[in-house]
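A quick write-up on the structure given underneath.
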Amino acid sequence: MRLGRLIGKAVLAFAGFMAVFPLLWTALNSLKNNVDIITRVPRVVFTPTLANISYIIGRDSVMTGLYNSVIACGVAVLIGVVLGLPAAYAVARYPNRWAGDIQFFVLSLRFLPPVAVAIPLMVIWLQLGLYDTLTALIVTYSLLTISVIMWLAIPAFQAVPKEVEEAAFVDGYGAYSVFWRIALPVAARSLIGAVAFGFVLVWNEFLIALMLSSSNAKTLPIVASELSQQGMNVPWGILNASVVLLSLPPLLFLGVLSGFLNSVFRQKKT
Amino acid sequence: MPRRSSLPVTFVVPTLIILLILSMVPTVYAVVIALQNRELSSTAYSYVWFSNFVDLFFDRRFLNAVWVSVKWEVVTVVATMAVAIGLGVLMFEVASPRLRNIYCLLFIIPVLLPRVSAAFVWKFAYHPLYGIATYPYRLLTGGLIFDPLSKPATALFAVASVDVWQWGLFFAVIVLKLLETLPPQPIEAARLDHARRWQIHAYVTLPMLKAPLISLMFVKMIESLRSFDLIYVMTRGGPGVATETLDMYAFSQGFIESGKVSYASAMAVLMMIATVITFTMLWKRVQA
Chain A
4 MRLGRLIGKA VLAFAGFMAV FPLLWTALNS LKNNVDIITR VPRVVFTPTL
54 ANISYIIGRD SVMTGLYNSV IACGVAVLIG VVLGLPAAYA VARYPNRWAG
104 DIQFFVLSLR FLPPVAVAIP LMVIWLQLGL YDTLTALIVT YSLLTISVIM
154 WLAIPAFQAV PKEVEEAAFV DGYGAYSVFW RIALPVAARS LIGAVAFGFV
204 LVWNEFLIAL MLSSSNAKTL PIVASELSQQ GMNVPWGILN ASVVLLSLPP
254 LLFLGVLSGF LNSVFRQKKT
Chain B
9 MPRRSSLPVT FVVPTLIILL ILSMVPTVYA VVIALQNREL SSTAYSYVWF
59 SNFVDLFFDR RFLNAVWVSV KWEVVTVVAT MAVAIGLGVL MFEVASPRLR
109 NIYCLLFIIP VLLPRVSAAF VWKFAYHPLY GIATYPYRLL TGGLIFDPLS
159 KPATALFAVA SVDVWQWGLF FAVIVLKLLE TLPPQPIEAA RLDHARRWQI
209 HAYVTLPMLK APLISLMFVK MIESLRSFDL IYVMTRGGPG VATETLDMYA
259 FSQGFIESGK VSYASAMAVL MMIATVITFT MLWKRVQA
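Chains as they are written, first to last, in our numbering: chain A, 4 to 273; chain B, 9 to 296.
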């Protein structure tokens with residue numbers, strides 16, 4: 004039994020190592036000169052350079068991509084919050100006979116294959132003259148953010164103790180001020196998790212952005228993937244640096260999202 | 009709760025209308041385009057009705073793409089669940105609460121990465137000459153070359169490994185949290201009956217978690233449909249057509265090779281019908 008536990012611990016430690024090592028290695032490579040990357044035996048000791056990172060930050064295409072990503076994702080998430088949270092609250096707190104169907108409809112939007120949405124949208128945006136604009140991207144992404152934020156916010160609102168809200172009604176609050184002053188603040192922690200999840204989802208989105216942009220509205224994932232289109236001739240360090248830049252924003256939410264996971268399962272337990 | 013309030017209507021109706029418009033317009037339009045013969049290169053088009061769909065059934069590359077997609081679904085879903093349950097149970101058994109928290113944080117990192125990033129990280133790692141993941145092989149064989157992404161037999165698995173790296177580790181965290189919600193009594197009882205550790209999990213805890221585990225598998229099946237980013241960056245469907253899934257083929261037909269938008273849309277419509285029917289049926293069963 005002792006040996007079994009030891010092997011188990013070793014397997015776990017290896018899995019933990021595998022979870023982060025590839026990313027750390029990429030981060031390390033972004034600090035290397037090309038001669039230190041293209042070696043048959045991986046080099047751990049090298050003279051670090053900031054050239055790759057400053058090259059990436061100095062490139063117009065990367066900065067435009069970053070700007071597009073921030074605006075498209077930011078606005079889409081904002082729309083998702085404004086439309087998704089109230090709807091989620093109403094479904095959670097005023098259940099009627101359609102509540103189940105509404106939830107299923109919102110979830111079923113996730114079944115739609117992205118290509119099936121992107122091809123017709125491309126034709127539609129072309130006809131409207133909005134192809135390759137941030138507006139087109141924001142509207143398209145709103146479908147994702149509204150549905151995901153709503154789907155995750157319903158259980159978050161359901162977890163707010165009903166007594167708190169009922170007490171507020173007794174105190175003379177109206178339905179809307181209960182939502183604003185009671186439900187939103189009490190559920191805030193879980194809601195932030197839901198919103199962060201929505202952000203990560205559209206930040207990481209690739210296929211729709213690829214199909215709906217050709218030059219002006221390219222988001223960061225598209226720009227990063229194009230850097231490698233020139234084959235492996237592009238200095239690897241630069242590619243690695245762009246991967247690191249692309250990965251940083253979602254990782255900023257690591258704490259929020261893992262807290263969100265914990266709160267979801269704590270509810271289940273009680 | 010006050011029974012008479014305008015809140016449910018004012019909160020739900022606008023959102024639902026917008027969601028309906030945003031989802032129904034493209035879906036209906038996808039069907040319309042699929043019945044036409046649009047091409048990217050020209051603006052003229054006419055209705056050809058079902059001829060795109062008929063052509064698809066005689067298109068061997070399409071049939072190959074269906075087969076690759078099915079393989080991709082099965083490989084990624086099975087491997088993800090296996091990794092998740094294996095590591096989840098291991099954490100539950102041998103890790104102290106402190107360590108569990110650390111592992112949980114580490115295991116969430118890969119899934120947060122944009123798939124494009126994950127694909128690049130591993131594309132570098134799998135490089136036959138300079139990759140870190142192929143280094144052990146070079147070391148052990150004295151410099152032999154192994155190129156997993158350019159061999160038809162291994163390419164799909166190499167790409168699938170990235171998907172499992174992202175989702176399997178993440179789901180391991182969820183399996184652990186699910187195990188932690190279980191009441192301790194049945195486990196104690198099994199222990200008193202001298203059940204071995206693996207027997208406790210195989211016959212007591214995992215059957216108790218059957219419903220959430222099936223939901224988890226359901227989520228993974230949906231997410232596995234989104235394989236495009238990984239495949240686009242890592243292999244572009246190659247070598248040959250070994251990793252060309254349906255969305256990759258639809259994309260290359262519509263945009264890279266021939267610009268046959270209608271043909272690509274016909275493919276997308278078939279995918280949409282298949283997934284919506286399958287998942288609606290599965291979901292109703294999961295809920296029942």
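For glycine and all other residues, C-beta sits at the position ideal for the given N, C-alpha and C.
Under the 8 Å criterion on CB atoms, B/A219 is classed as non-interfacial with respect to chain A.
Within its own chain, the residues whose Cβ lies closer than 8 Å to the Cβ of A/V205, once the five positions on either side in sequence are excluded, are A75, C76, A79, V80, Y144, L147 and T148, listed in chain order. Taking 7 Å as the cut-off between beta carbons, the residues of the stretch 104-128 of chain B near chain A are Y111, C112, L113, L114, F115, I116, I117, P118, L120, L121, P122, R123, V124, S125 and F128, in sequence order. Taking 8 Å as the CB threshold, B/F259 lines the interface with chain A. Three or more beta-carbon pairs separated by less than 8 Å are not found between the stretch 249-262 of chain A and the stretch 165-185 of chain A, which leaves the two stretches without contact.
Secondary-structure assignment with DSSP links B/Y55 through a beta bridge to B/Q44.
Remark: C-beta atoms of A/G68 and A/V226 approach each other more closely than 8 Å.
When beta bridges are read from the DSSP output, B/S50 appears opposite B/E47. Neighbours of A/G11 in chain B, taken as residues at a C-beta separation under 8 Å, are given in chain order as L98, E101 and V102. Looking only at A/A13, A/W154, A/V173 and A/L215, the smallest Cα-Cα distance to A/I127 is reached by A/L215.
At a cut-off of 8 Å between beta carbons, A/L257 contacts chain B. Taking CB atoms only, A/Y70 has no neighbour in chain B less than 8 Å away. At a cut-off of 8 Å between C-beta atoms, B/W291 counts as an interface residue with respect to chain A. The criterion of a C-beta distance shorter than 8 Å is not satisfied by A/P123 and B/I264.
Put simply, the CB of B/K185 is near chain A, with a gap under 8 Å to one of its CB atoms. Counting along the chain, B/Q207 sits inside the alpha helix (DSSP H) bounded by residues R205 to I208.
Boundaries of the alpha helix (DSSP H) harbouring A/G87: D63 to R96, taken from the DSSP string.
Only residues of its own chain outside the window of five on either side were considered, and among them D135 have a CB closer than 6 Å to the CB of A/N219, listed in chain order. Apart from sequence neighbours up to five positions away, the residues of its chain that approach A/S150 with a beta-carbon distance below 6 Å are V109 and L112, ordered along the chain.
For A/I56, same chain residues with a beta-carbon under 7 Å away, outside a window of 5 residues either side, are S33 and A244 in chain order. At least 8 Å separates the beta-carbon of B/P247 from that of B/K185. When CB distances to chain B are screened at a threshold of 9 Å, the residues of the stretch 140-163 of chain A falling below it are V142, T143, S145, L146, I149, S150 and M153, in chain order. In the three-state reduction of the DSSP assignment, A/P116 falls in the coil class, being assigned neither a helical nor a strand state. Rounded to the nearest whole angstrom, the C-alpha separation of B/A198 and B/V284 is 42 Å. B/I140 sits in coil when the DSSP states are folded into three classes, being neither helix nor strand. Of the candidates A/L264, A/F160, A/T50 and A/E168, A/L264 places its Cα closest to the Cα of A/A199. The three-state secondary structure of A/Y176, taken from DSSP, is coil. Taking a Cβ-Cβ cut-off of 8 Å, B/R199 has no neighbours in chain A, whose nearest Cβ is about 13 Å from it. Residue-level contact by beta carbon holds for A/S261 and chain B, with a gap shorter than 8 Å.
The beta-carbon distance between B/F178 and B/I110, rounded to whole angstroms, is 15 Å. This is too long to meet the 8 Å contact definition. Here A/Y179 is not near B/P16, since their CB atoms are 8 Å or more apart.
Unbroken alpha helix (DSSP H) runs of no fewer than 4 residues, entirely contained in the stretch 164-241 of chain B, are found at 192-200, 205-208 and 218-232, following chain order.
The DSSP assignment places 37-40 as complete runs of the alpha helix (DSSP H) inside the stretch 7-59 of chain A, in order along the chain (cut-off: 4 residues). For A/L242, at least one C-beta of chain B is nearer than 8 Å to its own C-beta.
Judged by DSSP in its simplified three-state form, B/L121 adopts coil rather than helix or strand.
Rounded to the nearest whole angstrom, the C-alpha separation of B/N60 and B/L43 is 7 Å.
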